[in-house]
Amino acid sequence: MFAPVRGMKDLYGSSAKKYGYIIDTASRIGEKYGYNEIKTPIVEATEVFHRSIGDETDVVSKEMYSFLDKGGESITLRPEGTAGVMRAIVSENLAQSFPVKLMYHGEMFRYDRPQRGRYRQFHQLGFECVGDKSPYTDAILICMATEILNAIGIFDTKVLLNTLGDKDTREAYTKGLVKYLSRHEDKLSDDSKRRLAKNPMRILDSKDANDRAICQMAPLITDYLSKESEQYFQKVCELLEKAGINFEIDNFLVRGLDYYSETAFEFKPTRDEHRDSVGGGGRYDNLLSIFGGADISGIGFAFGIERLMLLIDDAKFKEIALKIAVIPVSETENEVAFQLLKSLYDAEISAEFIHIGTLSKKMKVADRLNCSIAVIIGEDEIKNGCFTLKFMNCEDKEEKTKVVAKSDLISFLKHIN
Ligand code: HAM
12 MFAPVRGMKD LYGSSAKKYG YIIDTASRIG EKYGYNEIKT PIVEATEVFH RSIGDETDVV
72 SKEMYSFLDK GGESITLRPE GTAGVMRAIV SENLAQSFPV KLMYHGEMFR YDRPQRGRYR
132 QFHQLGFECV GDKSPYTDAI LICMATEILN AIGIFDTKVL LNTLGDKDTR EAYTKGLVKY
192 LSRHEDKLSD DSKRRLAKNP MRILDSKDAN DRAICQMAPL ITDYLSKESE QYFQKVCELL
252 EKAGINFEID NFLVRGLDYY SETAFEFKPT RDEHRDSVGG GGRYDNLLSI FGGADISGIG
312 FAFGIERLML LIDDAKFKEI ALKIAVIPVS ETENEVAFQL LKSLYDAEIS AEFIHIGTLS
372 KKMKVADRLN CSIAVIIGED EIKNGCFTLK FMNCEDKEEK TKVVAKSDLI SFLKHIN
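In structure tokens form, the structure reads like this:
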């Protein structure tokens with residue numbers, strides 16, 4: 012017996028239903044906001060991720076599934092969707108006019124330690140809006156994300172919001188941060204010691220307990236904000252407040268990928284038992300130009316679909332819509348049953364054809380398949396031009412059975428539905 016690879020899951024039953032429901036709902040809302048779907052390959056040249064996400068991030072330095080293909084080229088299973096979408100905007104020449112608004116969903120891969128809500132293969136639902144830098148765009152995107160959460164029945168999350176400033180801000184901040192961290196260098200983890208020289212801001216999202224304690228007292232980027240970045244962020248906050256979005260400023264939020272500037276955000280569950288972010292994103296100023304495109308800013312976010320599924324009420328997906336078991340008593344009635352089945356499908360009614368075994372065995376199968384009504388077709392029924400209906404979950408003997416004329420069956424069932 013083979014099990015799925017560690018950290019990867021088969022998706023079926025109510026989980027598969029939830030997945031479809033999330034995608035359908037989000038696509039409908041995304042379209043309303045002007046987003047078109049894009050599907051990029053699951054693998055990209057490894058360089059696509061090195062250049063955009065950054066060599067010193069945990070994602071690139073520890074978590075990527077990279078390997079040489081048979082031609083000796085280094086390729087990587089995508090750990091996130093933004094880099095591939097930017098690569099596609101340039102290579103497919105999609106930026107004929109701005110803004111370019113794209114949505115996507117699919118498998119992502121990160122070699123992380125598997126636990127509840129954290130997998131090695133997981134799914135993201137993402138949105139990218141490129142070519143429109145304004146606090147209004149940022150606020151509208153966050154409003155859309157909130158609308159999606161609410162539409163799929165998730166209300167208990169809040170937006171954590173921060174700014175990572177512009178290039179000048181980050182240059183000034185990096186100097187201040189290095190000055191502070193250098194005083195504690197001997198206590199930093201080996202990873203962080205290396206990052207101190209190469210990419211000090213990444214130390215802020217270290218998972219090491221000592222590093223985290225040291226970072227608690229580190230200077231904040233907000234103390235170094237340029238006038239422009241400060242005004243930009245204030246405007247985003249003001250717009251979100253006006254839109255009634257439940258947000259909280261978190262100056263420690265730095266995000267785990269290198270490409271962010273200005274607005275950064277995460278969607279955090281407010282229930283204690285769910286600590287991990289269900290989604291995150293932010294503005295990026297130079298991603299497109301990294302791939303040879305225009306020097307133009309974008310903003311986006313992605314939800315983790317498995318994490319959304321954990322927050323959606325299971326009961327909603329266990330509800331069984333009307334499902335009919337079409338049961339011929341013997342082989343003689345198979346053809347009439349087959350015709351009935353076809354007319355039920357034509358009338359958009361869900362049905363199962365159960366024709367193997369004794370009648371009591373067929374009834375057991377109907378029960379196992381969650382059918383709510385069994386339509387029995389025997390010799391008498393054919394002779395009298397009617398069907399016998401058995402209501403599977405009805406306790407009352409009198410109410411359990413009903414005979415309906417052949418010509419009335421569909422309208423009778425539609426009425427129940
Ligand atoms: P991220 O924060 O790395 O951002 O991932 C987004 C979401 O994916 C997370 O909030 C989480 O819900 C989910 N996620 C991440 N890793 C795992 C995992 N191992 N198992 C299950 N779920 C996971 C990005 O990926 C950016 N590309 C988002 C973005 C789009 N920024 C701008 N545009």
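Position in the sequence shown (first residue = 1) + 11 = the working numbering. Even for Gly, the Cβ is constructed at its ideal location relative to N, Cα and C. Since this is a predicted model, take the numbers as computed values, not measurements.
Let's test the definition: count the other Cβ atoms within 10 Å of the Cβ of H426 and tell me whether it reaches 16, buried, or not, exposed.
exposed
Can you list the alpha helix (DSSP H) stretches of 4 or more residues lying completely in the stretch 346-402, in chain order?
370-379 and 390-395
Which same chain residues, not among the five before or five after K144, have their C-beta less than 6 angstroms away from its C-beta?
S308
Which stretch, first to last residue, makes up the beta strand (DSSP E) that contains M114?
V111 to F120
Within 10 angstroms of its Cβ, does N173 collect 16 or more other Cβ (buried), or is it exposed?
buried
Can at least three beta-carbon pairs, one atom from the stretch 147-159 and one from the stretch 251-260, be found at a separation below 8 angstroms?
yes
Starting from the C-beta of L105, find all residues in its chain whose C-beta is less than 6 angstroms away, skip the five residues before and the five after it, and write them out in chain order.
V111
Report buried or exposed for V340, applying the criterion of at least 16 other Cβ atoms within 10 angstroms of its Cβ.
buried
Do R129 and D287 have their C-beta atoms within less than 8 angstroms of each other?
yes
Is the stretch 78-88 in contact with the stretch 231-240, if contact means three or more CB pairs nearer than 8 angstroms?
no
For Y295, count neighbouring Cβ atoms within 10 angstroms of its own Cβ and tell me buried if that reaches 16, exposed if not.
buried
Q242: first and last residue of the uninterrupted alpha helix (DSSP H) it sits in:
K238 to K253
With a threshold of 7 angstroms, establish whether the CB of Q272 neighbours any heavy atom of the ligand HAM.
One detail in the question is off: residue 272 reads as Ser in this sequence, not Gln. The answer is no for S272.
Taking its Cβ as the centre, do 16 or more other Cβ atoms sit within 10 Å of R379, making it buried, or is it exposed?
exposed
Could you round the C-beta distance between I49 and V96 to whole angstroms and report it? I think they count as a contact, below 8 angstroms.
6 angstroms
Just to confirm, is the Cβ distance from F314 to V289 under 8 angstroms?
yes
Taking the DSSP output, what are the residues bridged to F314?
L136 and G290
Which whole-angstrom value describes the C-beta separation of K411 and F402, a residue pair presumed to lie in contact below a C-beta threshold of 8 angstroms?
5 angstroms
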